[in-house]
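This report refers to the structure that appears directly beneath it.
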Amino acid sequence: MTDLNVKQEYLRLTYGDSQKVDSGKKVGKLLSAPLTQYLIFLVVLGAFPLLAQLGVLTSSFVFAIGNTMIYAIMAIGFCLLMGYSGLASLGTAGFVGIGAYIAYYFMQTYGAPFGVAFIVTVLVSLVSGVLVGFISLRIEGIYLAILTLGLSEILRNTFISLKSTIKLDMSKVRLFGVKIGEEQVYLLILVLFVLLLWITSNLIRSPIGRALLSVKNSTSAAQAMGINLMKYRVLAFVISTVFAAISGLMYMMLLRNMTTSTSTLLSMATSLNILGAVVIGGAKSLWGTTFGVFIIYGLQSTLLSKIPFFVENPAFITMITGLLIILIVMFYPGGIAQMVGNLVQKRRTAKFVTKVERRMDSYGQK
0 MTDLNVKQEY
10 LRLTYGDSQK
20 VDSGKKVGKL
30 LSAPLTQYLI
40 FLVVLGAFPL
50 LAQLGVLTSS
60 FVFAIGNTMI
70 YAIMAIGFCL
80 LMGYSGLASL
90 GTAGFVGIGA
100 YIAYYFMQTY
110 GAPFGVAFIV
120 TVLVSLVSGV
130 LVGFISLRIE
140 GIYLAILTLG
150 LSEILRNTFI
160 SLKSTIKLDM
170 SKVRLFGVKI
180 GEEQVYLLIL
190 VLFVLLLWIT
200 SNLIRSPIGR
210 ALLSVKNSTS
220 AAQAMGINLM
230 KYRVLAFVIS
240 TVFAAISGLM
250 YMMLLRNMTT
260 STSTLLSMAT
270 SLNILGAVVI
280 GGAKSLWGTT
290 FGVFIIYGLQ
300 STLLSKIPFF
310 VENPAFITMI
320 TGLLIILIVM
330 FYPGGIAQMV
340 GNLVQKRRTA
350 KFVTKVERRM
360 DSYGQK
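Using numbering that gives the first Met the number 0, you'd call the opening residue of the sequence shown number 0 and step up by one each time.
Rendered as structure tokens:
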């Protein structure tokens, strides 16, 4: 009889009450689902324009969040490229320019609706991604980064020669035949961001994501397992390039004008900042990458710009960002996502140990 009690206690201790799932666990399981998290994110950020109308938030804050989401779209594409494919690229800014100039020429010059400009942007960036993807088959590591940086500079100078200053008149822009204002542009950026975030998340958890990881870990082992190296490298560059071009398209719709020679959007600074955001947040975490973008871009425009010291000394913001990158690389190579994951794991372990000790104590008393 004693042996039977010991076995029952062992099973209960090891597997828990698996048959009893209370409402709290159901809610926790529902909230842990990626789709639920993205929908909550969509609803919360979607309420910002309404809160701005009610006076709870300022219009500049909503504008800053919309601008941050544009950079976050670039970052999640780069997260897939670097974190899951292991490919280095510093050409993000050049591909952003593709979307920005297509937005200007098609919607401003030719009067095309947003849908047409969006499709053309995706197609042109897709071709660019395929070309760079094929090049990556012959060049790797820092040489690939240098090559993409050179390509970005070529694109930037090409855009300057075409037209150095571009301006988009939103009164000419149509979405499904209807004029759109600032609030509609913000919501469009939000929907696109959440949609692309959800697509990327599903892609990462799919066989394609596992194939990309295997290519990153060992190209020789991946090829030995029958994984087509060319297919997945080209796919990674195509996705990253398309996301960057979409960001450029939405940038023009939100900010409406840009001078290529003075704007930092198409400069190397953008590519380096996106790289820094991915490093800070975590190259294998979409939420971490999003948080990293907020630190690089959103924190300054939403919070630090209200502090006189940082307004008078903007260089300190860059210094803090650089110091943060150094600390992250030294102690948490997986970024803030790794830090949070370690804390959660420690909490779960401590909770489990406490539960075991409590049950063992009660069992010993009996």
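By construction, the Cβ of each residue, glycine as well, lies at the ideal position given by its N, Cα and C atoms.
Values in this document were obtained by computation on a predicted structure and should not be read as measured data.
Shown here for Ala-210: same chain residues with a beta carbon closer than 8 Å to its own, the five before and five after excluded, namely Ala-221, Ile-226, Tyr-231 in chain order. Counting C-beta pairs with one atom in each stretch, the stretch 45-56 and the stretch 236-253 have fewer than three that are closer than 8 Å, which means they do not touch. When DSSP states are grouped into helix, strand and coil, Asn-312 belongs to the coil group. DSSP places Arg-173 within a strand segment (E or B) once states are collapsed to three. If you check the CB distance, Leu-342 and Leu-285 do not come in under 7 Å.
Gly-45 and Leu-189 have their C-alpha atoms some 7 Å from each other. If you draw a straight line from the Cα of Gln-337 to the Cα of Leu-41, it comes to about 25 Å. Boundaries of the beta strand (DSSP E) harbouring Lys-166: 164-166, taken from the DSSP string. Met-224 sits in coil when the DSSP states are folded into three classes, being neither helix nor strand.
Taking a 10 Å sphere around the C-beta of Val-328, we find fewer than 16 other C-beta atoms and assign the residue as exposed. Excluding residues up to 5 positions away in sequence, Ala-92, Gly-93, Gly-96, Thr-259, Leu-265, Ser-266 lie with their Cβ nearer than 8 Å to the Cβ of Arg-155 in the same chain.
Contact annotation: the stretch 80-88 touches the stretch 140-159, with at least three C-beta pairs closer than 8 Å. Closest in C-alpha terms to Thr-199, from the list Leu-323, Tyr-83, Arg-346, Gly-333, comes Tyr-83.
Ser-270 and Asn-312 have their alpha carbons spaced roughly 23 Å apart. DSSP, read as helix, strand or coil, puts Thr-57 in coil. Ile-69 and Phe-47 do not touch by the CB rule: their CB atoms are close to 15 Å apart, not below 8 Å. Ranked by how close their Cα comes to the Cα of Ser-163, the residues Ser-300, Ser-262, Lys-178 have Ser-262 in first place.
For Asn-256, DSSP records a beta bridge to Lys-166. In this structure the stretch 300-308 does not lie against the stretch 239-250, because fewer than three pairs of beta carbons, one per stretch, are closer than 8 Å.
Boundaries of the alpha helix (DSSP H) harbouring Phe-113: 113-134, taken from the DSSP string. The beta-bridge partner set that DSSP reports for Lys-178 consists of Arg-173.
A direct Cα-Cα distance of roughly 25 Å separates Ala-71 from Thr-157.
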